[in-house]
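All remarks here apply to the structure that follows.
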Amino acid sequence: MTATVTTPGPRRVRFPGKRAVLPWLFLAPALLLALVFKFLPMGKGVWLSFFDVRPFLGDKWVGLDNYTRVLSDHRFQDAIGHTLLLGLGMSLGGIVVGFALALLLEGQARSLKIIRTAVFLPVVTATAVVGEMWRLMYYPTSDGLINSGLGLLGLGPVPYLDNPDTALWATMAMGIWMLAPYNMVIILAGLAGVDRSLYEAAAMDGVSLWQRLRHITLPAIRPALGIVLTLAAIRGLRVFTEVYVLTGGGPAGSTDVWMTRAYTLGFTRNDIGGASAASVVLLCVTLLLTVTVNYLRKRGDAR
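Structure below.
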């Protein structure tokens with residue numbers, strides 16, 4: 003009896019089906035635009051940060067000299083301090099005000115929906131438009147909106163944007179006004195998941211409002227607060243338009259921040275290498291801050 007040996011036929015190559023390819027086809031235009039207008043310029047910026055960029059004369063390799071020069075510049079050091087102060091104030095203020103708005107506007111009533119829509123308008127309005135509106139409100143004469151209100155109280159006009167002692171705080175107030183509604187929406191999403199029976203049980207036990215807020219509300223919305231904190235930290239470091247529209251970094255550099263300083267280096271002083279180095283440092287700090295905040299948030303959730 004002879005044994006027959008069967009050899010397996012050639013394996014058919016399976017091509018990805020339509021379901022696997024279709025999502026990538028929809029994503030392709032956005033990915034292409036991101037590659038051309040975001041990632042390639044970022045890579046070019048990192049490359050230029052190691053050169054003394056000289057148009058029409060050829061770029062000269064300088065290594066880390068641009069980084070050393072930028073970080074040792076006292077104006078850039080002052081801008082870093084302004085950035086940290088402005089970012090911290092805008093982040094904390096936006097979170098506190100956004101949380102208060104979320105508590106006040108939580109509910110399903112139609113009137114609350116209309117109010118929430120009106121409160122959210124600063125987020126969808128162009129920052130340049132908002133900045134121009136606040137600049138008019140801060141008008142340094144008695145005709146300005148805020149100064150006219152002070153005039154009713156018998157107080158003289160205050161040059162908010164022309165005084166180095168008040169310009170940064172005036173910019174911070176506008177930033178909080180813009181960020182708070184965005185934080186409110188995220189916190190409202192977290193409040194929607196809180197079990198209402200816990201509030202009812204706490205009310206029956208005579209628990210105070212502060213204790214309900216501390217032991218029920220805050221633990222329940224911790225994930226939402228973590229997201230808000232991460233986004234607020236990133237936005238705080240990358241603040242630019244608010245400062246540029248209101249003060250342009252003045253007066254006397256009192257509101258100059260990281261990105262306005264990089265803008266000045268690149269487009270006013272034509273120091274492309276220095277501006278690229280400042281931008282790369284900002285990118286690294288932003289990535290480090292994001293990783294740190296996410297690590298602390300996950301560590302807190304694990305507890």
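Residues 3 to 305 in this note's numbering are what the sequence shown spells out, letter by letter.
Idealized CB from N, CA, C, for every residue including glycine.
A quick note: this is a predicted structure, and the numbers were derived from the prediction, not measured.
| Asked | Found |
| --- | --- |
| For a test of the three-state rule: what should DSSP assign to R21, helix, strand or coil? | helix |
| Sort R56, W49, G255 and G192 by Cα distance to L66 and report the nearest one. | W49 |
| Answer yes if the stretch 180 to 195 comes into contact with the stretch 120 to 130, meaning at least three C-beta pairs across the two stretches below 8 Å, and no otherwise. | yes |
| Whose C-beta lies closer than 8 Å to the C-beta of T288 among residues of the same chain, with five residues either side of it excluded? | I236, L239 and R240 |
| Which full runs of the beta strand (DSSP E) of 3+ residues lie inside the stretch 165 to 232, going along the chain? | none |
| Could you have a look at F53 and say whether DSSP puts it in helix, strand or coil? | strand |
| By alpha-carbon positions, which one of S256, G275 and V23 ends up nearest to N165? | S256 |
| Pull up the CB-CB distance for L163 and L248, whole angstroms please, since I reckon it's below 8 Å. | 6 Å |
| Alpha carbon to alpha carbon, what distance is there between G96 and M180? | 8 Å |
| Around the C-beta of V258, are 16 or more other C-beta atoms found within 10 angstroms, so that it is buried, or is it exposed? | The sequence shown places Asp at residue 258, not Val. Under this definition D258 is a buried residue. |
| Count the CB pairs spanning the stretch 148 to 157 and the stretch 69 to 86 that are closer than 8 Å, and state whether there are at least three. | no |
| To the nearest angstrom, report how far apart K62 and R263 are at their CA atoms. | 23 Å |
| Per DSSP, which residues does G62 bridge with? Please list them. | Per the sequence shown, the amino acid found at residue 62 is Lys instead of Gly. For K62, which the question treats as bridged, DSSP gives the partners D54. |
| Do you know offhand how far G47's Cα is from K300's? | 33 Å |
| Give the DSSP-derived three-state secondary structure of T85 in the structure shown. | helix |
| Less than 8 Å separating the beta-carbons of A172 and Y141? | no |
| For a quick check, are the C-beta atoms of D54 and V64 less than 8 Å apart? | yes |
| Between L239 and chain D, is the shortest Cβ-Cβ distance under 8 Å, so that the two count as touching? | Note that chain D does not occur in the displayed structure, where there is just one protein chain. |
| Of all the options T232, Y265, G275 and K40, which has the alpha carbon lying nearest to the alpha carbon of T294? | T232 |
| What does the alpha-carbon distance come out to for the pair L267 and Y69? | 13 Å |
| Expressed to the nearest angstrom, what Euclidean distance is found between the alpha-carbon atoms of W136 and G91? | 18 Å |
| Alpha carbon to alpha carbon, how far is F101 from R224? Give it in angstroms, no decimals. | 12 Å |
| Can you give the Cα-Cα distance for N296 and L138, rounded to whole angstroms? | 39 Å |
| What are the boundary residues of the alpha helix (DSSP H) that K40 is part of? | Where K40 is concerned, there is no enclosing alpha helix (DSSP H), given that its DSSP letter is neither H nor E. |
| Let's test the definition: count the other Cβ atoms within 10 Å of the Cβ of M3 and tell me whether it reaches 16, buried, or not, exposed. | Only weak support exists for where M3 lies, its pLDDT of 48 falling under 50; the coordinates are left without a value. |
| Tell me the DSSP secondary structure of A128 in three-state form. | coil |
| Going along the chain, which residues of its own chain have a beta-carbon closer than 6 Å to the beta-carbon of T168, five neighbours each way excluded? | Y162 |
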